[in-house]
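> My questions will all concern the structure given below.
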């Protein structure tokens with residue numbers, strides 16, 4: 006019977022309970038949605054890396070010999086080693102040259118090919134295996150012949166199959182690209198025997214499998230330790246200081262995917278926490294009021310012989326059932342909607358076969374947590390009424406001992422308008438209810454501002470990158486090994502600025518990181534900004550380091566950094582003359598003069614220009630390719646598209662949150678103030694005046710919520726960006742319009758709800774409301 | 018005959034600010050099984066406190082209350098709960114029905130009362146029939162066969178009070194406590210309710226204790242206890258109690 010009582014009580018106060026139900030539902034909906042997606046990625050990542058035995062270490066050098074394998078495998082920590090040659094090439098299709106990362110293999114034991122179509126790779130056999138997306142998008146089939154260009158040599162191979170590769174889960178065509186657009190460029194895997202320059206076969210990479218390091222769920226501290234010990238030994242065994250040995254954490258593909266998972270993982274908790282907090286506040290206000298309204302009923306139940314335990318269980322069950330059903334509904338809905346949807350978007354960014362959602366134990370725990378807290382809060386809310394003897398509970402509660410607040414004692418109080426006094430008192434005496442309103446609006450404004458700031462940031466990054474830091478219209482990418490004189494000739498012809506970008510390794514305070522050295526010649530296309538994004542003229546006598554790299558290494562301006570170029574064992578020690586910011590490339594930068602003073606040869610890799618490159622440049626053997634500004638910006642579209650979806654979800658969540666919380670509170674306060682409003686009406690207040698009093702309180706609370714919500718939105722965005730990969734340095738940007746949209750959006754929402762509620766003032770019945778209280 | 022309930026030097030005081038206020042002072046009282054007792058007194062005399070102590074809803078500050086030989090004033094919280102669940106039926110002035118439950122459900126609620134509540138020391142030695150009455154039968158016995166599925170808000174005051182009585186009777190209690198049971202009813206309905214209570218005592222042998230400030234009810238009681246200023250003013254035995262239907266006020 007008590008269960009029936011609960012069911013009917015829920016129906017009687019359906020608005021309040023529905024909002025608690027919805028908040029529990031939304032909290033778990035978002036949590037499970039993100040978690041199932043995140044777990045799906047995590048599970049599939051682990052499975053894929055484990056199945057394909059992703060390498061633990063990569064040694065990069067100019068020329069490895071086959072005998073180096075023996076040296077590496079002699080190290081006790083090393084299980085296996087394999088050599089390979091990795092080069093940037095071109096696929097020649099329909100008269101076009103598309104970027105193609107080529108990997109010439111000498112075995113398939115480490116970082117194995119994952120075959121989805123065609124015949125498996127056999128060592129020593131000819132043929133090419135292409136990445137799945139490239140094959141699909143370019144309409145290629147097994148058995149087709151593919152013409153490729155590597156190191157300037159054009160050659161042809163038969164397509165043997167479509168594959169996924171664990172080192173190509175995430176990859177970009179070049180350093181300038183910001184987002185992947187798979188299929189527009191690709192990866193090709195061949196046996197070393199297929200390398201076209203038969204007389205100059207060489208290896209520039211060694212992949213290694215370290216003992217006791219597995220591929221599931223990131224690197225543990227122990228595994229990291231094991232890897233860095235092995236890396237040192239490999240370096241020593243290969244006897245060259247120019248060899249750079251890196252682990253998975255420095256691998257772009259691995260690290261970006263992991264960072265994405267971590268980023269989603271961190272989001273998993275932020276959003277649901279807001280909803281759950283509101284649900285809890287909702288339970289506190291609703292249950293406290295309900296139990297104090299049902300005080301005599303509680304006394305009766307006690308007098309009839311119900312145990313405290315039974316009564317407690319009965320009241321705790323309100324929160325229990327609401328959060329349980331809300332949680333289960335939310336979990337199922339979240340798993341099949343949000344998770345599936347986000348994962349389908351991830352599918353275009355990360356190339357992992359068979360990515361699917363996975364319902365994790367965390368979702369069960371989240372439901373359990375939500376149910377437990379809700380039940381506990383329900384229990385705590387009714388505890389007050391349960392403590393005294395039944396005889397006392399059967400009597401109506403003594404009126405609250407009201408005290409004057411500080412503001413009421415001040416002189417200012419007398420001068421305040423009646424409406425202001427009334428509202429201030431109401432807020433101070435219903436602190437939890439007011440706090441809940443503020444938190445609801447805060448959450449709404451936070452999500453809304455976060456959503457707009459996301460858009461601001463993405464469009465800011467685009468203009469920052471391609472409008473401020475790099476003001477050229479075109480990039481001409483030179484072929485590796487192109488003589489300086491030729492490059493200089495092109496630069497003169499196109500009035501361009503020559504820039505060299507080379508991979509390097511940096512070391513400070515015992516920490517090592519790989520990154521890029523950017524060397525620039527005279528010209529006016531490449532610009533720098535300091536950490537506050539103010540134009541920066543880099544120190545022409547020294548080097549400058551990117552902000553994110555300096556943070557990673559723990560150095561600042563004036564500190565020394567040790568570094569060397571990949572393939573060169575000459576370590577330099579230089580003082581950092583300045584700190585600059587760049588969204589996509591982390592490392593150091595210097596003028597050509599400084600670079601050459603360090604006895605390096607300046608070998609430009611790119612020319613920045615505003616002159617349109619000629620068509621025939623595409624066929625020029627000295628040039629890898631050209632890219633125009635619109636082409637570069639197009640790559641960002643995919644990212645923007647994804648961001649829009651996020652933004653819509655965030656705004657929708659903000660609206661639901663705002664409406665549900667404000668409406669619930671409004672109804673609650675109307676019910677409570679019924680007598681007071683009836684009294685005011687009897688005294689001669691007009692309905693419009695009473696409405697205004699009620700509305701002004703809501704507006705105050707909304708304004709406070711917005712004022713707190715905007716900084717929280719900034720915090721939210723910073724948390725999201727802090728989980729970006731190490732190579733990325735996104736600066737959150739907030740445009741004036743975002744503030745305006747957030748403030749007006751939230752205010753309109755609040756006023757809309759107010760309007761809806763204040764209609765009820767008309768229906769307050771003076772006679773009914775002023776009848777004696779039983 | 019051995020008394021069914023015995024109050025020995027019972028005090029109940031409340032602290033009001035700096036001072037102590039005695040709601041009951043040195044009360045000595047005996048109640049016998051099957052009796053119909055009316056406790057009379059003006060407002061604030063201590064009638065309700067007496068009833069609360071009898072029902073195990075409150076405990077005395079000093080003195081002892083023996084119920085069937087067991088001192089319930091020494092009972093702990095859970096023992097008092099068991100005492101209420103197994104022995105006492107209460108009828109309130111304002112009915113105290115659960116508004117979200119129908120008449121039937123309000124009575125059937127009693128099935129839940131005894132779940133997980135041990136019968137307790139009071140009845141352990143006895144082999145009395147303590148089984149619950151069927152809720153429907155209880156409602157029919159108070160003349161509510163047509164209102165079984167109605168919510169309290171759909172019933173008149175009299176009907177609600179009958180439901181309240183049916184709820185108390187459903188427990189098959191040996192002690193039925195009524196706090197101003199006709200206080201919120203008109204004379205005609207009040208008389209019907211009184212008749213019902215008298216029948217419970219006469220036919221079913223329930224011990225009925227009724228608290229009221231209405232001296233006309235003294236006529237229907239077996240014994241009348243007058244309370245004033247927290248003390249027992251007098252105890253009168255009524256040799257020939259009137260039938261409830263004959264009382265008018």
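Chains as they are written, first to last, in our numbering: chain A, 6 to 779; chain B, 18 to 266. The C-beta atom is built at its ideal place from N, Cα and C for all residues, glycine as well.
1) Please classify residue 75 of chain B: does DSSP put it in a helix, a strand, or coil?
2) Rounded to whole angstroms, what's the CA-CA distance from residue 420 of chain A to residue 675 of chain A? Just pull it up for me.
3) What is the C-beta distance between residue 226 of chain B and residue 83 of chain B, in whole angstroms, given that I count them as a contact (C-beta under 8 Å)?
4) Nearest CA to the CA of residue 114 of chain B: which residue from B:19, B:240, B:201, B:170?
5) State the DSSP-derived secondary structure class of residue 24 of chain B, mapped to helix, strand or coil.
6) Counting along the chain, where does the beta strand (DSSP E) carrying residue 480 of chain A start and finish?
7) Note down, in chain order, all residues in the stretch 456-479 of chain A with a beta-carbon under 9 Å from any beta-carbon belonging to chain B.
8) Under 8 Å: do the stretch 433-450 of chain A and the stretch 645-665 of chain A share three or more Cβ pairs, one atom per stretch?
9) So the candidates are A:61, A:330, A:377, A:722; which of them puts its Cα closest to the Cα of residue 22 of chain A?
10) Can you pull the DSSP bridge partners for residue 53 of chain B?
11) Could you tell me the boundaries of the beta strand (DSSP E) in which residue 224 of chain A lies?
12) Per DSSP, residue 540 of chain A is paired with what?
13) Which residue from A:737, A:48, A:720, A:697 puts its Cα closest to that of residue 360 of chain A?
14) According to DSSP, simplified to helix, strand and coil, what is residue 160 of chain A?
15) Quick one: does residue 310 of chain A have its CB under 9 Å from some CB of chain B?
16) Would you call the stretch 310-319 of chain A and the stretch 281-298 of chain A in contact, with 3 or more CB pairs under 8 Å?
17) What separation, rounded to the nearest whole angstrom, lies between the Cα atoms of residue 133 of chain A and residue 122 of chain A?
18) Given this structure, state the Cα-to-Cα distance separating residue 125 of chain A from residue 45 of chain A, to the nearest angstrom.
19) Under 9 Å between C-beta atoms, does residue 396 of chain A make it to chain B?
20) If you count every other CB in all the chains shown that lies within 10 Å of the CB of residue 63 of chain A, and 16 or more means buried, which is it?
21) Indicate whether the contact test is met: 3 or more Cβ pairs, each with one atom in the stretch 569-577 of chain A and one in the stretch 524-539 of chain A, closer than 8 Å.
22) Does the distance from the C-beta atom of residue 310 of chain A to that of residue 131 of chain B stay below 9 Å?
23) Which first and last residues belong to the alpha helix (DSSP H) in which residue 29 of chain A is found?
24) Indicate the three-state DSSP secondary structure (helix, strand or coil) for residue 705 of chain A in the structure shown.
25) Closer than 9 Å between beta carbons: that is the criterion. Which residues of the stretch 39-70 of chain A meet it against chain B?
26) For a cutoff of 9 Å on Cβ pairs, would you count residue 388 of chain A as touching chain B?
27) Could you tell me the distance, in whole angstroms, from the CA atom of residue 563 of chain A to the CA atom of residue 582 of chain A?
28) Hey, is residue 101 of chain B's beta-carbon within less than 9 Å of any beta-carbon in chain A?
29) Whose C-alpha, out of A:731, A:649, A:668, A:763, is nearest the C-alpha of residue 691 of chain A?
30) Mapping DSSP to helix, strand and coil, what is residue 110 of chain A?
31) Indicate whether at least one CB of chain B lies closer than 9 Å to the CB of residue 304 of chain A.
32) So which residues of chain B does residue 17 of chain A contact, with C-beta pairs closer than 7 Å?
33) Helix, strand or coil: how does DSSP classify residue 632 of chain A here?
34) At a Cβ threshold of 9 Å, is residue 301 of chain A touching chain B?
35) For the putative contact between residue 118 of chain B and residue 6 of chain A, defined by C-beta atoms under 8 Å, what is the C-beta separation to the nearest angstrom?
36) Residues of chain A with a CB under 9 Å from the CB of residue 72 of chain B: which are they?
On the basis of the data shown:
1) In the second chain, residue 75 of chain B corresponds to position 58, counting from 1. If DSSP states are grouped into helix, strand and coil, residue 75 of chain B belongs with coil.
2) As a first step, residue 420 of chain A must be located in the first chain, where it is residue number 415. As a first step, residue 675 of chain A must be located in the first chain, where it is residue number 670. Taking the straight line from one Cα to the other gives about 27 Å.
3) Within the second chain, numbered from 1, the residue matching residue 226 of chain B stands at position 209. Within the second chain, numbered from 1, the residue matching residue 83 of chain B stands at position 66. Actually they are not in contact, since the Cβ atoms of residue 226 of chain B and residue 83 of chain B sit about 15 Å apart, beyond 8 Å.
4) Taking the first residue of the second chain as 1, we reach residue 114 of chain B at position 97. Out of B:19, B:240, B:201, B:170, B:170 has the C-alpha closest to the C-alpha of residue 114 of chain B.
5) Reading the second chain from its first residue, position 7 is the one you call residue 24 of chain B. Strand at residue 24 of chain B.
6) Within the first chain, numbered from 1, the residue matching residue 480 of chain A stands at position 475. According to the DSSP assignment, residue 480 of chain A belongs to the beta strand (DSSP E) that extends over 479-483.
7) none
8) yes
9) As a working note, residue 22 of chain A is residue 17 in the first chain. For the residues A:61, A:330, A:377, A:722, the minimum Cα distance to residue 22 of chain A belongs to A:330.
10) For the purposes of this step, residue 53 of chain B is taken as the residue at position 36 of the second chain. Bridge partners of residue 53 of chain B: B:225.
11) Residue 224 of chain A sits at position 219 when you count from the first residue of the first chain. DSSP places residue 224 of chain A in no beta strand (DSSP E); its state is neither H nor E.
12) By one-based count along the first chain, residue 540 of chain A stands at place 535. For residue 540 of chain A, which the question treats as bridged, DSSP gives the partners A:534.
13) On the first chain, position 355 is the one that residue 360 of chain A refers to. From the listed residues A:737, A:48, A:720, A:697, the smallest Cα separation to residue 360 of chain A is found for A:48.
14) Translated into the one-based positions of the first chain, residue 160 of chain A becomes position 155. Correct three-state label for residue 160 of chain A: strand.
15) Mapped onto the first chain, residue 310 of chain A falls at position 305. Yes, contact with chain B.
16) Output reads no: the stretch 281-298 of chain A does not touch the stretch 310-319 of chain A.
17) Taking the first chain and counting its residues from 1, one reaches residue 133 of chain A at position 128. Taking the first chain and counting its residues from 1, one reaches residue 122 of chain A at position 117. Computed Cα separation, rounded: 12 Å.
18) Position 120 of the first chain holds residue 125 of chain A. Position 40 of the first chain holds residue 45 of chain A. The straight-line gap from Cα to Cα measures roughly 27 Å.
19) As a working mapping, residue 396 of chain A is identified with position 391 in the first chain. Between residue 396 of chain A and chain B, the shortest Cβ-Cβ separation is below 9 Å.
20) In the first chain, the residue the question calls residue 63 of chain A occupies position 58. Looking at its Cβ environment, which holds 16 or more other Cβ atoms inside 10 Å, residue 63 of chain A is buried.
21) no
22) Residue 310 of chain A sits at position 305 when you count from the first residue of the first chain. Residue 131 of chain B sits at position 114 when you count from the first residue of the second chain. Yes; because the gap between Cβ atoms is below 9 Å, this pair is in contact.
23) Position 24 of the first chain, counting from 1, holds the residue named residue 29 of chain A. Counting along the chain, the alpha helix (DSSP H) containing residue 29 of chain A begins and ends at 19-57.
24) Counted from its first residue, the first chain places residue 705 of chain A at position 700. Three-state DSSP puts residue 705 of chain A in a helix.
25) Under the 9 Å Cβ criterion, the stretch 39-70 of chain A contributes no residue.
26) In the first chain, the residue the question calls residue 388 of chain A occupies position 383. Not one chain B Cβ lies under 9 Å of residue 388 of chain A.
27) Along the first chain, one-based indexing puts residue 563 of chain A at 558. Along the first chain, one-based indexing puts residue 582 of chain A at 577. Rounded to the nearest angstrom, the two C-alpha atoms are 6 Å apart.
28) Reading the second chain from its first residue, position 84 is the one you call residue 101 of chain B. Closer than 9 Å: yes.
29) Against the first chain, residue 691 of chain A aligns to sequence position 686. Comparing Cα-Cα distances from residue 691 of chain A to each of A:731, A:649, A:668, A:763, the minimum goes to A:763.
30) To locate residue 110 of chain A, count along the first chain from 1; it is residue 105. Three-state DSSP puts residue 110 of chain A in a strand.
31) Your numbering for residue 304 of chain A matches position 299 in the first chain. Yes, residue 304 of chain A counts as interfacial toward chain B.
32) For the purposes of this step, residue 17 of chain A is taken as the residue at position 12 of the first chain. In chain order: 117.
33) Along the first chain, one-based indexing puts residue 632 of chain A at 627. DSSP, reduced to helix, strand and coil, places residue 632 of chain A within a strand of the structure shown.
34) Walking along the first chain from the start, residue 301 of chain A turns up at place 296. It does: the Cβ of residue 301 of chain A has a partner Cβ on chain B nearer than 9 Å.
35) For this step, residue 118 of chain B is matched to residue 101 along the second chain. For this step, residue 6 of chain A is matched to residue 1 along the first chain. Yes, residue 118 of chain B and residue 6 of chain A are in contact; Cβ-Cβ is about 6 Å, under 8 Å.
36) Along the second chain, one-based indexing puts residue 72 of chain B at 55. Neighbours of residue 72 of chain B on chain A, chain order: 308, 395, 396.
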